[in-house]
Every structure is written in structure tokens, then in C-alpha cells.
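A.B. asks:
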Amino acid sequence: MSQQNNKLLIDVGSTYFKVSTNDNIEQHFRDFNKDILDDLIHRCGDTIKRFDKDDVYICSSANGGLNTLIIGITKTYSLKYATNIAFNSGINIIDTILYQNIAEYSVPSDLVDVVIIVGGIDSCAGLFSDSLYSYLAKLSYSNIVFVGSEQDAPALKEQISNLVVLPNVIDNKLHIVEDYLKEYLTNLYQQDIEGKEDIKSLYDITANQIYPTPYIVNKALPEIDTRYSVVNPFILLDIGGATTDIHYSKDLVDENIVTKNEFDRLVFKKLGVFKSKQSLIFTAKNNEFVYELLMHLKVTENIFNEQSQKATKILMQLAIFLVLCKISHYRKAYINLKFLTINSFVLTGGITKVLTKEEIENIVAFFYKKILTSEHRPVVVLDSNYDIWTLGVKGD
């Protein structure tokens, strides 16, 4: 990995951590009875000692990320733009609210880490009224930011305490302006880490900012063909213990977003195989094709009650299928990908430790035949060394 220039790269996940040097990459299943730093030092202390703090770069998803609620004026621009920036900053979105229907939305019972309010170009004014303020009064949140029309900012700032106002994410030509909100969100992630003792302790071994792993992975994707035989356009599925992330080539969607990113990201918080296992099973039971898929895999729904390596494999395969359903025309979601033009499926994350390439290809083939009635078969590429993320850690 010559691009590292003798750096130590560490990724701390919800179930594994990975340590990468120029020479090799180590992976360890976390000991949840230990502090993260203690666990790291116990397993890799000799390696860590060889590096100065300035040469140690860490990304992490172990703090679960930031839960975000977005309130926007339009689905086509404000909600889509803010959602795009949040996902690509490594943020988890719990809901998006179309402002004109705000009275119809339920209020999340859990604490929201950050609320994003967006809408209107800077020549617009008076887009928000009391319905916004009454909704926010019922909501429990830690941070709130406004990235809409500059003319509306003073009125919102007067009504909402602790409101952070940033430049509009929509310019007057309806193009996306992402840098300000992206920087704000990655800094919030940093503050969240600093509030979690076991992750904060990682600053004992690094002098650099700790970034969200999904943000780092998204940065890695333009370099992916330097290490793997991947043909554009492609999607990358990162299926781990708590969430499933999808990173996809921009040319797989028709959209109005003009952005510097070549790749976008989606996250499904409830489709992990360990921490969110029950919600994965619930989603599976509510998918009309799953029982046919179980028959195809020669198992019954009793597999959901088993604790075995075979059961874990089946859950991993179901996670792949359910995610593909969510981003196809079968379900109307935030995006629908052009599946018939995808040339490569890249898989990373904990799934690469459980499933073989053939077991993944089996699911991809079933999805294309059953959902898309197509014989198209993208090439499946496994990041079995689990090191794609190292391409995104430049450390410049």
C-alpha cells in the first residue's frame, strides 16, 4: 500500500477493528468487555508503538454515527440536496419531513442528534411559519442547523435557540453547495466521538481527526480500480453488524444534483446482522419474495430462530436481497438505481468474512431474475481483505 507512506491506518467498527500498515492488514473481532483502546493495545500494541501520533489515522463507526432529521420545502431540491450531503458525510438519517405536511408527521421519541432545516434559494423569503416552531417544540434534539434561504435566516434564528446558520445548500442556479454543511456535520461527528469515552481515548495514539468510516469509504471509491478489477458503473455494499451502507456510481441515477462527488451513499440502519438482527428478520418476514428465496436456499423460516453459522450466512444473504429490493423499482425509495446498467457489485464489511463469492452470486442472480425478470449478471467482487477503506485515508 505505497500510498500510505509509512502511516498506520485504523478502522474501528461496531464488531471488528482493522489495523493497516505498508506491510499488512490485521483484523480482530472486538472484545466488548474491554475499552476499545485497551483492546487495540492488547492486540496490536507492538505495531502501534512503531508510529508517531502524527502518522496514525483513524476512522470509526463504533459510536453509531449521528441520527439526523431533515425538514425541507421540496423533495426535488431541498430535501434531496440535504439528504445527499448528510449521507455522504457519514450521517444516519432517521426521517425526512416535507414542510408543507409537517403537521401529519409523528415526532420521533428518541433524541435526535441534529436537525437540518433547508429550503428556498436566497431570493425567497417567508417560507417557514408557526407550524415549524410548534413541531420543533415537541422534538428532542441536540443540534439544529439552517441551510436554506439567507432571507429566512434572521426570523428562524429569533425563534429557535441555539440555531446554527450556514450558507444555503442551494445556489441561485439550483446547484448544490455542499462544503459548508459537510464540514459542519463531520465536525459534529467529531464532537460526538469526544463525548464517548472509549472512542475519545483513541486520541492517546493519534494527533489527527477521527472521521466517520462511511465518509472515508466514499473518498476511497474513485481509487478502487487501482486495487480491484471493478468496471464502472458499480455499487459497493458494506454489510456489517449494525447497518448496511450502499455506495453507488452517480451515473446509476437520473437526478438534478450537480456535485463534486462521483459516488453517493445510502445507509439502512436496521439491516445489520448482529446489533439489528431482529429488525432484519422483521423486514424479511414482510417481504413477499423472502419465503420463495428461503426455499431457493433450501431452508425454512425456522432458520430465524437458530443460532448457528448457517443461520448467520442466511441472514447475510437476506440482507443483500432486502437492500437490493429497497433501491430498485420494487420499492419507491430515496433512489432507484439503474440495475440493468450495473457492471460490478463490490462487497466489503463483515459479510466478506461469512459468505463466499458463489453464495453472493446466488442471491444477485435470484434478485435479477425474480425482481427484474432479467438475465443480467454484474460481476461480484469481494473485498475479502477488507481494505478498500485504506484508499480513502490520504492523510495529506
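When we follow the working numbering, the leftmost residue of the sequence shown carries the number 1, and every step to the right adds one. Yeah, the Cβ is synthetic: ideal placement off N, Cα and C, and Gly gets one too. Just so you know, these numbers come straight off a predicted model, no measurement behind them.
1) Please report whether the beta-carbon of residue 307 lies at a distance below 8 Å from any beta-carbon of chain B.
2) Do you know how far the Cα of residue 339 is from the Cα of residue 10?
3) Helix, strand or coil: how does DSSP classify residue 397 here?
4) Consult DSSP for residue 210 and reduce its assignment to one of helix, strand or coil.
5) Could you have a look at residue 395 and say whether DSSP puts it in helix, strand or coil?
6) Residue 36 to residue 116, Cα distance in whole Å?
7) Determine the extent of the beta strand (DSSP E) in which residue 248 is found, giving its start and end residues.
8) Just to confirm my understanding: we take residue 352, look at its own chain, exclude 5 residues before and 5 after, and list those with CB closer than 8 Å. What are they?
9) When the Cα of residue 226 is compared with those of 30, 46, 392, which residue comes out closest?
10) Look at the alpha carbon of residue 15 and the alpha carbon of residue 277, and state the distance between them as a whole number of angstroms.
11) By the 10 Å Cβ neighbour count, where 16 or more other Cβ atoms means buried, how is residue 433 classified, buried or exposed?
12) At the level of alpha carbons, what is the spacing between residue 207 and residue 377?
13) Using DSSP's beta-bridge definition, name the partner residues of residue 263.
14) Out of curiosity, what's the CA-to-CA distance linking residue 7 and residue 144?
15) Keeping to the same chain, check which residues put their C-beta closer than 6 Å to that of residue 320; ignore five residues upstream and five downstream.
16) Measuring CA to CA, which of 19, 131, 347 is closest to residue 72?
17) Can you name the residues that DSSP bridges to residue 27?
18) Hey, could you find the ends of the beta strand (DSSP E) residue 279 is sitting in?
19) Here's the rule I'm using: 16 or more other beta-carbon atoms within 10 Å means buried, otherwise exposed. How should residue 408 be labelled?
20) Looking at residue 343: is its Cβ nearer than 8 Å to the Cβ of residue 222?
21) Can you find the residues in the same chain that come closer than 7 Å, C-beta to C-beta, to residue 220, ignoring five residues on each side of it along the sequence?
22) With burial defined as no fewer than 16 other Cβ atoms inside 10 Å of the residue's Cβ, what is the status of residue 244: buried or exposed?
23) Where does residue 11 fall in DSSP's three states?
24) Going by C-alpha to C-alpha distance, which of 77, 138, 81, 111 sits closest to residue 103?
25) So, with DSSP's three-state summary, where would you put residue 60?
26) Counting along the chain, where does the alpha helix (DSSP H) carrying residue 84 start and finish?
27) For the alpha helix (DSSP H) containing residue 46, name the first residue and the last one.
C.D. replies: For this structure:
1) No chain B appears in the structure shown, which is made up of a single protein chain.
2) Between the alpha carbons of residue 10 and residue 339 lies a gap of roughly 33 Å.
3) Given a span of 1 to 396 for the chain in the structure shown, any question on residue 397 remains unanswerable.
4) Residue 210 falls in the coil class under three-state DSSP.
5) Unreliable placement is indicated for residue 395, whose pLDDT of 45 sits below 50; the coordinate value is still reported in the next sentence. Collapsing the DSSP output to three states places residue 395 in coil.
6) If you draw a straight line from the Cα of residue 36 to the Cα of residue 116, it is about 31 Å long.
7) Start and end: 244-249.
8) 382, 383, 384, 386, listed in sequence order.
9) Among 30, 46, 392, the Cα nearest to that of residue 226 is on 392.
10) Take the alpha-carbon of residue 15 and the one of residue 277: they are about 13 Å apart.
11) Limits of the chain in this structure are 1 at one end and 396 at the other, which puts residue 433 out of reach.
12) Their Cα atoms are separated by approximately 45 Å.
13) Answer by DSSP bridge pairing, in chain order: 249.
14) Looking at the two C-alpha atoms, the distance is approximately 36 Å.
15) Non-local C-beta neighbours of residue 320 in its own chain, meaning closer than 6 Å and more than five positions away in sequence, comprise 363, ordered along the chain.
16) Of 19, 131, 347, the residue nearest in Cα terms is 131.
17) In DSSP, residue 27 forms a bridge with 18.
18) For residue 279, no beta strand (DSSP E) run applies; the uninterrupted alpha helix (DSSP H) run containing it begins and ends at 277-285, by DSSP.
19) With the chain covering only 1 through 396, there is no way to say anything about residue 408.
20) By the CB criterion at 8 Å, residue 343 and residue 222 fall outside the cutoff.
21) Close CB contacts of residue 220 within its chain, under the 7 Å cut and outside five residues either way in sequence, are with 388, 389, 391, 392 (chain order).
22) So residue 244 ends up on the buried side.
23) Secondary structure at residue 11: strand, using DSSP grouped into helix, strand and coil.
24) Comparing Cα-Cα distances from residue 103 to each of 77, 138, 81, 111, the minimum goes to 138.
25) It is a strand residue.
26) In the DSSP assignment, residue 84 falls within the unbroken alpha helix (DSSP H) covering 80-88.
27) Run containing residue 46: 36-49, per the alpha helix (DSSP H) assignment.
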